[in-house]
Structure formats: structure tokens, C-alpha cells
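**Student:** Oh and the sequence shown: position 117 is 401 in our numbering, straight run, nothing missing.
Yeah, the Cβ is synthetic: ideal placement off N, Cα and C, and Gly gets one too.
Just so we're clear, the structure is a prediction, and the values are computed from it rather than from any experiment.
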Amino acid sequence: MKITHIRLGRISVPLRVPFKTALRQVNSVEDIIVEIHTDTGVIGYGEAPPTGVITGDTTGAIIGAFQDHIIPTLLGRDVDELETLTQDIQHCIVKNNSAKAAADMALWDLYGKQYNIPVYKLWGGCRKQLTTDITISVNPPEQMAADAIQAVQRGYDTLKVKVGIQPSLDVERLQAIRNAVGSAVRLRIDANQAWKPKQAVMLLQQMQEKGLDIELVEQPVIAQDIDGLKYVTDRSPIPVLADESVFSVQDALHILQRRAADLINIKLMKCGGLTNALKIATLAEIYGIECMIGCMLEAKISVNAAVHLACAKQIITRIDLDGPVLCSQDPILGGAVFHEQHITVSDAPGLGIQGIGNIQYIE
């Protein structure tokens with residue numbers, strides 16, 4: 285199965301409600317799609333969201349990375365060279381991890397389709413169903429409490445609460461949500477790098493003292509401050525999850541060696557795709573550190589790829605794959621079934637994607 289040509293396209297999917305964090309506000313998913321075509325007629329699909337404020341990858345950068353580096357690297361090659369192909373993607377351009385992730389997942393999609401096996405079964409296939417949390421955007425406390433009630437009414441029992449805008453309100457935000465949803469609902473919080481280390485410890489201690497029962501706190505300090513992350517981890521009564529601090533296999537190893545976090549968040553768009561995500565999961569297994577699988581604001585192609593990884597690896601114990609359910613529509617044919625908090629992986633070959641509606645091709 286040889287790669288004959290590669291097409292890029294755009295999709296635009298409105299969100300149900302605006303998505304607000306300490307770093308940005310987003311109203312729609314605007315992603316780049318890659319189709320890797322072969323001489324057998326089989327197509328591999330990948331997706332990359334432009335998330336410049338987190339990954340540095342803009343729409344133009346993703347397109348440029350493909351046109352100038354990734355496409356020339358892959359054209360004419362055989363899909364059976366998967367190990368070499370995935371390595372060459374990582375080496376053909378520095379950074380640009382979201383573009384690399386899109387190409388990498390499309391290759392795994394092709395490889396599974398060639399051998400007529402779902403990708404998650406290639407890696408072990410430990411389960412077929414997942415339960416995801418859903419994100420509550422950062423807003424005034426009363427609005428967040430109302431949003432939390434609505435999420436619980438939709439069937440969610442785990443909420444990922446965004447905090448960090450006006451940190452003085454963060455404890456009040458969590459108190460309002462806990463009062464609204466009761467004690468049975470799991471609460472995770474995500475500061476998106478908004479706090480200083482000592483401030484983080486103070487806020488987390490206050491939440492603990494108020495009995496808010498927070499399961500974990502995600503990325504309390506800026507990504508580059510590994511000393512600060514370890515400071516919080518060593519002193520926090522609430523487990524700390526490293527997210528933006530983990531952009532590579534090497535980042536994950538450094539954090540694991542230093543015990544700078546209690547958990548690791550794996551995101552395909554940060555680490556450059558499924559191949560590197562598998563390596564991070566293996567490292568986590570070695571160190572006995574559980575992982576979350578997360579996503580940016582992405583449509584179903586790339587989140588579906590993350591589903592396959594999560595269904596293959598037991599070390600991934602927390603699921604934050606709510607991108608598709610935050611969208612108002614789903615233009616992707618095939619792949620995993622997202623029914624509110626319940627996700628069921630597809631047993632179709634590869635990653636199970638069959639096509640894309642409303643795609644605008646880039647010529």
C-alpha cells in the first residue's frame with residue numbers, strides 16, 4: 285500500500301456554548317484535516333486543531349508544515365514502513381506537533397486498515413467503552429453552578445471545572461458548583477497555568493478545608509516552571525496533574541523522574557501523535573504513575589484516535605475526551621460513538637473513520 289497523494293482541508297463546527305478558560309475563549313472548532321491517499325484507494329484520516337495559545341500551532345503553520353515538510357517526506361512511501369515513517373515525521377520539522385499528530389494518526393489509520401484490525405486491538409485492546417468528563421467553562425460562580433447542573437442533568441457524573449480567571453473567585457466557584465451538584469459528582473479542576481506556586485497551594489488547601497472534595501488539579505502553574513510544579517505537588521492536599529508541562533516523551537520522563545506531578549495528561553496534539561503517546565504511556569507504566577487522556581477543542585477524528593489509545597492502555601485511568609460532545613454537530617462519518625459521557629470504540633479497521641462531511645479542501 286503506497287502513499288500516492290495527500291489532501292488537506294478545513295472543517296468548521298460551532299460549539300454548543302462558548303468555551304472559556306484562563307487562556308482563551310473559543311466559539312467554534314476550526315480544524316485542519318489531512319487525508320493520506322494510497323494506490324489501493326484506502327484513505328487514512330488525521331486532524332489538527334490550531335491552538336496557538338497552548339501549542340503554538342496556528343492554521344497557517346499547520347498547513348505550511350504539511351506542504352513544505354510532511355507531504356514531501358511521505359509521498360511515494362509504503363505504509364508497511366510505519367516505524368520509519370512515524371520517525372521521519374518527527375524529524376522532518378522542529379516542533380509543529382499538531383501537524384505531526386495529524387499525519388501520525390492518519391498513518392496508524394492506514395496501517396490498521398491494511399491489516400483489517402482496529403488500532404486499539406493492535407496495542408492490547410483492554411476495553412471497548414470509556415466514560416469521559418465534561419468541561420465547565422470559567423465564568424462567574426452562579427453561571428458555573430448553572431452549567432454544572434445542566435451537565436449533571438445530561439448524565440455526567442464527572443465535571444472538569446476551568447478556573448484561573450480572577451483566582452480570588454476560584455474557591456467561591458468550586459463552592460457554588462459543589463453546593464449545586466451535591467457530593468456524588470466528581471470534580472476535577474484545571475487552572476491552565478494561571479496560578480503562582482504558593483498561591484496554588486493556598487487555594488488548594490482552602491478547597492480541602494471547605495470539604496469540596498476535589499479529585500485532582502490540572503496544571504496549576506506555568507508550563508515551564510517544573511520546580512514550581514513540584515513545589516505544588518509536594519505540598520498540595522489534592523493530586524496534581526501535569527498537562528502543558530508535558531509536550532514530549534522527554535518532558536514526561538523529566539517530570540516522572542523528579543516526581544514533579546502525581547499524574548500525567550497525554551494529549552496527541554502536544555506530543556506529536558499516537559506513536560509518542562504510546563511511549564509516554566509506557567514510561568508512566570514503568571514509574572507507576574496513572575495518566576489522563578485529554579484533547580484540545582477538536583472534532584471527532586483526532587479525539588477518536590485518542591479513544592483508541594485509551595481503550596488499549598490500562599495506565600490511562602482518567603478520560604477527558606469531551607471535544608465532540610461540546611460541538612453542536614458531528615460532520616465525521618464512522619469512528620467511536622459519543623453518547624454524552626459514554627464513548628464506545630469502533631471495531632472497524634484502523635481508526636474506523638469513513639469520511640468527512642462539509643470539508644473545504646485546500647488546493
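Rounded to whole angstroms, what is the Cα-Cα separation between G618 and G578?
**Tutor:** What you label residue 618 is simply residue 334 of the sequence shown in a count that begins at 1. What you label residue 578 is simply residue 294 of the sequence shown in a count that begins at 1. Straight-line Cα distance between these residues: approximately 21 Å.
**Student:** Which complete beta strand (DSSP E) runs does the stretch 334-378 hold, if anything under 3 residues is left out?
**Tutor:** Whole beta strand (DSSP E) segments, 3+ residues: zero.
**Student:** S312: which of M285, V609 and I418 sits nearest, CA to CA?
**Tutor:** Along the sequence shown, read from residue 1 onward, the residue named residue 312 stands at position 28. For S312, the nearest C-alpha among the options comes from V609.
**Student:** Which residues in the same chain as V485 place their Cβ atom closer than 7 Å to its Cβ, once the five residues preceding and following it in sequence are excluded?
**Tutor:** Counting from one through the sequence shown, the residue named residue 485 turns up at place 201. Cβ neighbours of V485 beyond the five flanking positions: V516, R519 and S520.
**Student:** Identify which residue in L525, E456, A306 and L366 has its Cα closest to the Cα of S421.
**Tutor:** Position 137 of the sequence shown holds residue 421. Taking only the C-alpha atoms, the option nearest S421 is A306.
**Student:** Suppose you measure from the CA of E331 to the CA of G439; what does that come to, to the nearest Å?
**Tutor:** As a working mapping, residue 331 is identified with position 47 in the sequence shown. As a working mapping, residue 439 is identified with position 155 in the sequence shown. If I take the Cα positions, the gap works out to 28 Å.
**Student:** Which residue or residues does DSSP assign as beta-bridge partners of C611?
**Tutor:** Walking along the sequence shown from the start, residue 611 turns up at place 327. DSSP, once it has assigned bridges, lists L299 as partnering C611.
**Student:** Can you confirm whether the stretch 395-413 touches the stretch 588-600 when touching is taken to mean that 3 or more C-beta pairs between the two stretches lie within less than 8 Å?
**Tutor:** Yes, they touch.
**Student:** In angstroms with no decimal places, state the Cα-to-Cα distance between K480 and R462.
**Tutor:** Here residue 480 refers to the residue found at position 196 when the sequence shown is read from its first residue. Here residue 462 refers to the residue found at position 178 when the sequence shown is read from its first residue. Using only the alpha carbons, I get a separation of about 24 Å.
**Student:** Less than 7 Å between the CB of Q644 and some heavy atom of the ligand NAP, yes or no?
**Tutor:** Among the ligands in the structure shown, none appear at all, so the ligand NAP cannot be discussed.
**Student:** The alpha helix (DSSP H) that contains A464, what's its start and end?
**Tutor:** Position 180 of the sequence shown, counted from the start, is the residue given in the question as residue 464. Segment D454 to V465, the alpha helix (DSSP H) holding A464.
**Student:** Any idea if Y648 is buried or exposed, counting beta-carbon neighbours within 10 angstroms, 16 or more meaning buried?
**Tutor:** As displayed, the chain neither begins before 285 nor continues past 647, which places residue 648 out of reach and without an answer.
**Student:** How many Å lie between T416 and A632 at the Cα?
**Tutor:** The residue given as residue 416 occupies position 132 in the sequence shown. The residue given as residue 632 occupies position 348 in the sequence shown. Taking the straight line joining both Cα atoms gives about 22 Å.
**Student:** Since I548 and A536 should fall inside the 8 Å C-beta cutoff, what is the C-beta to C-beta distance between them, to a whole number of angstroms?
**Tutor:** For the purposes of this step, residue 548 is identified with residue 264 of the sequence shown, where counting begins at 1. For the purposes of this step, residue 536 is identified with residue 252 of the sequence shown, where counting begins at 1. Right, their Cβ atoms sit about 6 Å apart.
**Student:** On the criterion of 16 or more Cβ atoms from any shown chain inside 10 Å, does D474 qualify as buried, or is it exposed?
**Tutor:** Numbered from its first residue, the sequence shown carries residue 474 at position 190. It is buried - the Cβ of D474 has at least 16 other Cβ atoms within 10 Å.
**Student:** Unbroken beta strand (DSSP E) runs of length 3 or more, entirely within the stretch 392-434: which are they?
**Tutor:** You should have 413-415 and 418-420.
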